[in-house]
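Residue numbers (this note's numbering), protein chains in the order written: chain A, 566 to 921; chain B, 566 to 921.
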């Protein structure tokens with residue numbers, strides 16, 4: 566991945582930024598993100614899939630390969646789960662120097678109710694062979710990245726693939742998946758960053774050695790340089806975001822509000838352990854106060870937080886930071902990495918408070 | 566509106582580009598754009614509106630002011646119309662130098678089926694006074710632009726407002742408007758650029774002189790400098806776009822395909838008159854060939870075009886251009902203007918064809 570040599574966003578990044586989209590931060594008011602406000606990253610093109618001819622092939626190291634139609638999948642036991650999805654590259658454009666890829670600021674997140682059937686049941690029916698170590702999920706989307714032509718595919722270790730919460734999902738928020746979210750079927754891997762939730766699934770293949778395809782073996786690693794192997798990206802680091810208070814100025818998005826009590830609110834999540842604490846700062850992170858927490862929507866979805874701020878006239882940099890039960894805390898600044906992934910540094914919102 | 570002093574996109578533009586989103590061009594395969602793929606521009610924040618307490622106030626120079634609930638609006642005769650909407654700023658980021666605002670490339674467009682009640686019937690019931698010259702539409706979204714705090718509002722001359730096709734719409738593609746498309750009610754002005762289709766409507770006001778609010782009197786003009794008044798932006802200029810053929814390279818979005826017959830396809834539209842011709846060029850606009858045209862979806866929606874391209878190995882710049890019945894043709898290059906609006910220059914798609 567090349568690194569930007571200047572501070573201006575390049576036309577290539579802009580092309581990606583125009584195709585993919587963020588949750589506008591006022592969308593954090595919704596516990597369940599409405600379709601069309603949820604973040605969306607598409608590596609290649611969104612495939613146009615005919616439900617009638619589509620099949621899901623389950624094969625490789627299994628006793629009984631399966632070929633399922635969409636109706637076959639829907640005939641199985643259904644489960645609905647609210648899940649927070651975040652792109653591993655969220656925050657990339659805030660890094661300096663900037664890895665050249667999708668230039669996310671902070672909104673590459675969303676929470677939806679995904680309905681599908683348990684992956685474990687399908688794998689059980691197919692009969693995973695004892696020598697299987699990973700399960701590879703292949704999408705119908707195809708393109709060139711890292712100078713390699715490939716279908717988008719990612720793997721999970723068998724033990725992860727067999728977890729209860731893994732879903733083969735055909736509905737979002739009670740509706741059939743729209744094309745951009747993976748119609749007719751996608752993988753949902755609660756707690757993991759978005760790259761693992763393979764869309765437009767066409768096959769699931771059990772294999773006897775770790776999968777090394779581009780999106781798994783090369784991309785999505787925390788590393789300092791291209792030469793380094795680094796650590797693979799897996800679960801979502803804790804993050805909290807706030808609904809920017811007041812009203813915006815169109816271009817700068819600076820926020821303006823009158824002095825007085827102001828309810829700050831937002832959402833916080835972590836893929837490692839439940840969020841147990843959210844703090845708020847009105848001075849760029851010098852001092853912190855405890856926010857109140859609502860119950861999480863599920864074990865794998867964000868929880869709402871609120872904080873009563875008594876806003877006096879002046880200029881502020883509002884921040885929030887989450888801590889999870891595993892002791893992970895959002896950093897004030899980000900440790901740079903070559904892929905620009907796993908950036909969970911605290912959000913900073915510029916606010917101007919006027920006399921009321 | 567300031568002008569960018571360098572070629573790199575600024576962080577302020579990136580913030581807007583991340584909030585707002587384009588139709589990914591493969592989305593042109595859909596006659597009706599799925600929710601979540603339609604382009605979206607929000608000047609300020611997306612308001613969170615409670616349907617139960619929301620009212621639409623129709624007032625100003627009318628005989629009988631009305632205050633309507635959402636149920637009142639829905640109880641009126643309903644009409645569904647496929648309409649192509651395009652942002653007036655589509656293509657802005659292709660201008661040199663670049664006006665600093667939402668940095669659209671080419672995808673700020675979409676076609677949806679909008680269901681609502683005719684604006685003319687509501688205005689008739691309220692009894693427009695003879696001295697009314699314009700009707701002002703005010704949204705619930707509020708912010709600061711051009712150093713003025715205001716609610717988003719735009720006007721139409723009375724004769725335009727009374728046209729049959731103007732809708733007060735509460736559904737998109739058969740579903741209640743999602744928050745980002747203007748829930749619970751928005752204006753639909755078929756044939757006009759998107760800035761006129763006021764979302765989150767809260768009032769409709771008949772006035773006896775031309776409305777001069779920021780979004781009408783200052784913004785959205787074709788002009789050479791800030792000092793000039795310029796011509797107001799109204800109807801959509803003709804444009805055609807193609808689905809980029811082949812498969813993409815992730816970062817550059819250059820397209821790769823094997824030699825052989827390749828069906829190029831896309832959509833074309835104009836708000837001035839029906840599209841009567843689409844031409845395709847494989848050499849950057851030096852020579853052109855006629856594309857075949859399907860029927861338009863409605864008087865106010867795009868029509869599909871196709872062209873059988875016999876792709877030989879090599880590198881190409883594919884282009885398409887539309888002509889409407891009023892004789893308007895897409896230009897090869899764009900005439901610059903200060904606001905970066907009404908840019909309908911031809912699309913250019915880089916394609917590499919390999920030996921098959």
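Beta carbons are placed, not taken as given, at the ideal position from N, Cα and C, and that holds for glycine.
Bear in mind that the values here come from a model prediction, so they are computed numbers and not experimental data.
Secondary structure of residue i, DSSP reduced to three states
{"i": "residue 899/B", "result": "coil"}
{"i": "residue 875/B", "result": "strand"}
{"i": "residue 816/A", "result": "coil"}
{"i": "residue 800/A", "result": "strand"}
{"i": "residue 760/A", "result": "helix"}
{"i": "residue 603/B", "result": "coil"}
{"i": "residue 744/A", "result": "helix"}
{"i": "residue 657/A", "result": "helix"}
{"i": "residue 592/B", "result": "helix"}
{"i": "residue 667/A", "result": "coil"}
{"i": "residue 779/A", "result": "helix"}
{"i": "residue 608/A", "result": "coil"}
{"i": "residue 713/A", "result": "strand"}
{"i": "residue 919/B", "result": "strand"}
{"i": "residue 652/A", "result": "coil"}
{"i": "residue 680/A", "result": "strand"}
{"i": "residue 534/B", "result": "As shown, chain B starts at 566 and ends at 921. That puts residue 534/B outside it, with no answer to give."}
{"i": "residue 882/B", "result": "strand"}
{"i": "residue 894/A", "result": "strand"}
{"i": "residue 870/A", "result": "strand"}
Nearest neighbour of residue i, chosen from the options [CA to CA]
{"i": "residue 640/B", "options": "681/B, 821/B, 590/B", "result": "681/B"}
{"i": "residue 771/B", "options": "735/B, 631/B, 852/B", "result": "631/B"}
{"i": "residue 575/A", "options": "839/A, 658/A, 835/A, 816/A", "result": "658/A"}
{"i": "residue 582/B", "options": "877/B, 802/B, 673/B", "result": "673/B"}
{"i": "residue 624/B", "options": "596/B, 750/B, 714/B, 689/B", "result": "689/B"}
{"i": "residue 826/B", "options": "665/B, 751/B, 921/B", "result": "921/B"}
{"i": "residue 691/A", "options": "722/A, 660/A, 628/A, 732/A", "result": "628/A"}
{"i": "residue 883/B", "options": "794/B, 752/B, 897/B", "result": "897/B"}
{"i": "residue 645/B", "options": "889/B, 874/B, 862/B", "result": "862/B"}
{"i": "residue 677/A", "options": "817/A, 588/A, 635/A", "result": "588/A"}
{"i": "residue 915/B", "options": "877/B, 892/B, 848/B", "result": "848/B"}
{"i": "residue 602/B", "options": "584/A, 749/A, 617/A", "result": "584/A"}
{"i": "residue 606/B", "options": "815/A, 741/A, 618/A, 733/A", "result": "815/A"}
Same chain, Cβ closer than 7 Å to residue i, five either side skipped, listed in chain order
{"i": "residue 719/B", "result": "702, 760, 761, 763, 780, 781"}
{"i": "residue 858/B", "result": "843, 868, 870"}
{"i": "residue 653/A", "result": "758, 759, 760, 785, 798, 906, 907"}
{"i": "residue 808/A", "result": "590, 591, 593, 594, 830, 831"}
Residue range of the beta strand (DSSP E) that includes residue i
{"i": "residue 622/B", "result": "621-625"}
{"i": "residue 833/B", "result": "825-834"}
{"i": "residue 979/B", "result": "Chain B is shown from 566 up to 921; residue 979/B falls before or after that span and cannot be answered."}
{"i": "residue 723/B", "result": "Element bounds for residue 723/B: not the beta strand (DSSP E) but the alpha helix (DSSP H), 723-726."}
{"i": "residue 751/B", "result": "751-753"}
{"i": "residue 844/B", "result": "840-846"}
{"i": "residue 710/A", "result": "699-710"}
{"i": "residue 734/B", "result": "732-737"}
{"i": "residue 859/B", "result": "857-861"}
{"i": "residue 794/A", "result": "Taken as a continuous stretch (DSSP letters only), residue 794/A belongs to no beta strand (DSSP E), as it is neither H nor E."}
{"i": "residue 766/B", "result": "766-772"}
Sequence-distant residues of its chain with Cβ nearer than 6 Å to residue i (five each side left out)
{"i": "residue 694/B", "result": "626"}
{"i": "residue 727/A", "result": "685"}
{"i": "residue 899/A", "result": "908, 910"}
{"i": "residue 800/A", "result": "756, 757, 836, 837"}
{"i": "residue 633/A", "result": "621"}
Sequence-distant residues of its chain with Cβ nearer than 8 Å to residue i (five each side left out)
{"i": "residue 813/B", "result": "819, 820, 821"}
{"i": "residue 608/B", "result": "706, 708, 710, 717, 780"}
{"i": "residue 924/A", "result": "Only positions 566 to 921 of chain A appear in this structure, which leaves residue 924/A out of reach."}
{"i": "residue 852/B", "result": "846"}
Residue range of the unbroken alpha helix (DSSP H) whose run includes residue i
{"i": "residue 639/B", "result": "635-640"}
{"i": "residue 687/A", "result": "684-691"}
Residue i Cβ short of 7 Å to the ligand ATP heavy atom set
{"i": "residue 872/B", "result": "Looking for the ligand ATP in the displayed structure turns up nothing, as the structure carries no ligands at all."}
What residues in the segment 800-831 of chain B bring their beta carbon closer than 7 Å to a beta carbon of chain A?
812, 813, 814, 815, 816, 817, 818, 821
> Mind listing which residues of the segment 590-616 of chain B have their C-beta closer than 9 Å to chain A's C-betas, in chain order?
Replying inline: 590, 591, 592, 594, 595, 599, 600, 601, 602, 603, 605, 607, 608, 609, 610, 611, 612, 613
Exercise. Using a Cβ-Cβ cut-off of less than 8 Å, list which residues of the segment 661-690 of chain B approach chain A; keep chain order.
Key: 665, 666, 668, 669, 670, 672
key: Near-chain A residues of the segment 885-912 of chain B (beta-carbon distance less than 9 Å), N- to C-terminal order   = none
Q: Check each residue of the segment 707-730 of chain B: if its Cβ is closer than 9 Å to any Cβ of chain A, include it; give the result in chain order.
A: 707, 708, 709, 710, 711, 712, 714
Note to self: For the segment 741-757 of chain A, list every residue whose C-beta sits within 8 Å of some C-beta in chain B, in sequence order.
What the structure shows: 743, 744, 745, 746
Item checked: Short-range partners of chain B found in the segment 625-649 of chain A, where Cβ spacing is below 9 Å -> none
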